[in-house]
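Novice:
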Amino acid sequence: MEGGSFTLLTNLTEIQSDDEFEWRFGPSRTFISSIVKGSITYGDDERFRGRLQLERQTGDLTITDVSNEHSGVYEYELTRLPVPVITKYSPQGSLSSSVSKSVMLCSAVNVSHVTLSWYKGNSLLSSISVSDLSISLSLPLEVEYQDKNTYSCVLNNPISNQTQHLDITQLCHTCADCDQYWTGRTEAISRLVVTAVVGVAAVAAVVVLVYDIRSRKTELERKIKFIKQ
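All residue numbers for the sequence shown refer to the numbering used here, where the first residue is 1 and numbers rise by one.
#1: Under the assumption that Ile86 contacts Met104 (Cβ atoms under 8 angstroms), give the Cβ distance between them as a whole number of angstroms.
#2: Under 8 angstroms, with one C-beta from each stretch per pair, do the stretch 68-79 and the stretch 143-152 reach the 3-pair mark?
#3: Could you tell me the distance, in whole angstroms, from the CA atom of Phe31 to the CA atom of Asp45?
#4: Answer with buried or exposed for Gly3, where buried requires no fewer than 16 other C-beta atoms within 10 angstroms of its C-beta.
#5: What are the residues that DSSP puts in a beta bridge with Lys120?
#6: So, are the CB atoms of Ile40 and Arg56 less than 8 angstroms apart?
#7: Which complete beta strand (DSSP E) runs does the stretch 22-57 hold, if anything under 3 residues is left out?
#8: According to the Cβ coordinates, are Leu78 and Ser33 closer than 8 angstroms?
#9: According to the Cβ coordinates, are Leu81 and Cys106 closer than 8 angstroms?
#10: For my contact list, Ser102 and Lys88 are in at a C-beta cut-off of 8 angstroms; report their separation, rounded to the angstrom.
#11: Closer than 7 angstroms by C-beta to Trp118: which residues in its own chain qualify, once you throw out the five before and the five after it? Chain order, please.
#12: Ser164 and Val109: beta carbons closer than 8 angstroms?
#13: Hey, out of Pro27, Ser5, Tyr42, whose CA is closest to Phe21's CA?
#14: In the DSSP assignment, find the unbroken beta strand (DSSP E) run with Val109 in it and report its ends.
#15: Rounding to the nearest angstrom, what Cα-Cα distance links Trp182 and Glu144 in this structure?
#16: Among the residues of its own chain, which have a CB less than 8 angstroms from the CB of Ser131, if the five just before and after it don't count?
#17: Is the separation between the beta-carbon of Gly10 and that of Tyr76 shorter than 8 angstroms?
#18: Relative to the C-alpha of Ile159, which residue among Phe48, Ser134, Val36 is closest?
#19: Compare the C-alpha of Phe48 against each of Thr169, Gly59, Asp65, Gly38 and name the closest.
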C-alpha cells in the first residue's frame, strides 16, 4: 500500500457549523487537521504535509502517498456545544423565601472550556466558567412571577454559543404556582373578612341579649311596684 492512499471514515452524516472537529495521530495525539466554523486547517507535521484531504461535510480524512511512517492510531474528536436547559429549582429549603418568586436553574452537561451566563436583555447578570473536561454546570437565577423582562441563558466557548430563552409564563406548569400564590392571598383575605363579620355578629348578639334581659327586668320591676300599690 506504500505510495497509495487510504481514507479514514467517520460515519458522520454532517458536521454542523457550530461543531469543532479534529483529527489526531499516534500516542502523543499529534494534531493533523481540523474543521472549525466550516474552515479546514491542517497541522504542520512534516509526515503529513501535502498528503491530507479532509472532507468538510463528514470529516472523512484521506491520506495520499502513504509510507510506513503513517502507520499508527488515528482518532477524531467532535465537540458539539449543547443547548442549555432551564428548569425550576424547588428543593426543600428553596433559595427563594417568597411565594411570589421562583429560582430557575440553567444547566449544561458534559461540557469543557465553556462559560455559562444569565442575561437580562443584553445585560450580563451572572456567569460561571470551567476548563475541566466533561463537567456539568448549573447557574441559578431568581425571578418574580410578574416580571416582564426578557431573560436568556447562554453557553459559549471560543468558537460558538448556544442560547436558551426563559419564558416566565412557563415558570410553573399551567401557572399552578402563580394561581396558588394569588389564591392563597385571596383565601387569607376572605378568612379575615369572615372572621371580622362573625365577630361583629357575635358582639351584636350579646348587645341584643343584654338589652332584652334588661328590658324584661325593668318591665318586671314595674309590675311588682304596681301590685304593691
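Don't be surprised by glycine CBs; every beta carbon is placed ideally from N, CA and C.
Specialist: Checking against the coordinates, here is how it stands:
#1: Start at 1 with the first residue of the sequence shown, and residue 86 comes out as number 86. Start at 1 with the first residue of the sequence shown, and residue 104 comes out as number 104. Contact flag correct, Cβ pair sits at about 6 angstroms.
#2: no
#3: Sequence index remark: in the sequence shown, residue 31 carries index 31 (1-based). Sequence index remark: in the sequence shown, residue 45 carries index 45 (1-based). Their backbone Cα atoms lie some 8 angstroms apart in a straight line.
#4: For this step, residue 3 is matched to residue 3 along the sequence shown. The residue in question, Gly3, is exposed, as its Cβ has fewer than 16 Cβ neighbours within 10 Å.
#5: Walking along the sequence shown from the start, residue 120 turns up at place 120. Note: Lys120 sits in a beta bridge opposite Ser123, Tyr151.
#6: To locate residue 40, count along the sequence shown from 1; it is residue 40. To locate residue 56, count along the sequence shown from 1; it is residue 56. Yes. Within cutoff.
#7: 30-36, 39-42, 52-54
#8: Numbered from its first residue, the sequence shown carries residue 78 at position 78. Numbered from its first residue, the sequence shown carries residue 33 at position 33. No, these two residues do not count as a Cβ contact at 8 angstroms.
#9: Along the sequence shown, one-based indexing puts residue 81 at 81. Along the sequence shown, one-based indexing puts residue 106 at 106. It is not a contact, given that the beta carbons lie outside the stated cut-off.
#10: Within the sequence shown, residue 102 is the residue found at index 102, counting from 1. Within the sequence shown, residue 88 is the residue found at index 88, counting from 1. Indeed they touch by this definition, with Cβ atoms about 6 angstroms apart.
#11: Counting from 1 along the sequence shown, the entry for residue 118 is found at position 118. Excluding positions up to five away in sequence, the list reads Cys106, Leu125, Ser126, Leu139, Leu141, Tyr151, Cys153.
#12: Mapped onto the sequence shown, residue 164 falls at position 164. Mapped onto the sequence shown, residue 109 falls at position 109. Looking at the sequence shown, residue 164 is not Ser but Gln. It is not a contact, given that the beta carbons lie outside the stated cut-off.
#13: Position 21 of the sequence shown, counted from the first residue, corresponds to residue 21. If we check each option's Cα against that of Phe21, Tyr42 comes out closest.
#14: Residue mapping note: residue 109 aligns to position 109 of the sequence shown, counting from 1. It spans 101-111 - the beta strand (DSSP E) in which Val109 sits, taken as one unbroken run.
#15: Counting from one through the sequence shown, the residue named residue 182 turns up at place 182. Counting from one through the sequence shown, the residue named residue 144 turns up at place 144. Below a pLDDT of 50, predicted positions are generally treated as unreliable, and Trp182, at 42, falls in that range; no measurement from the model is reported.
#16: Translated into positions along the sequence shown, residue 131 becomes position 131. Answer for Ser131: Ser112, His113, listed in chain order.
#17: Here residue 10 refers to the residue found at position 10 when the sequence shown is read from its first residue. Here residue 76 refers to the residue found at position 76 when the sequence shown is read from its first residue. Residue identity check: residue 10 is Thr in the sequence provided, not Gly. In this structure, Tyr76 lies closer than 8 angstroms to Thr10 by Cβ.
#18: Along the sequence shown, one-based indexing puts residue 159 at 159. Of the listed residues, the one whose Cα sits closest to Ile159 is Val36.
#19: On the sequence shown, position 48 is the one that residue 48 refers to. Nearest of Thr169, Gly59, Asp65, Gly38 to Phe48, Cα basis: Asp65.
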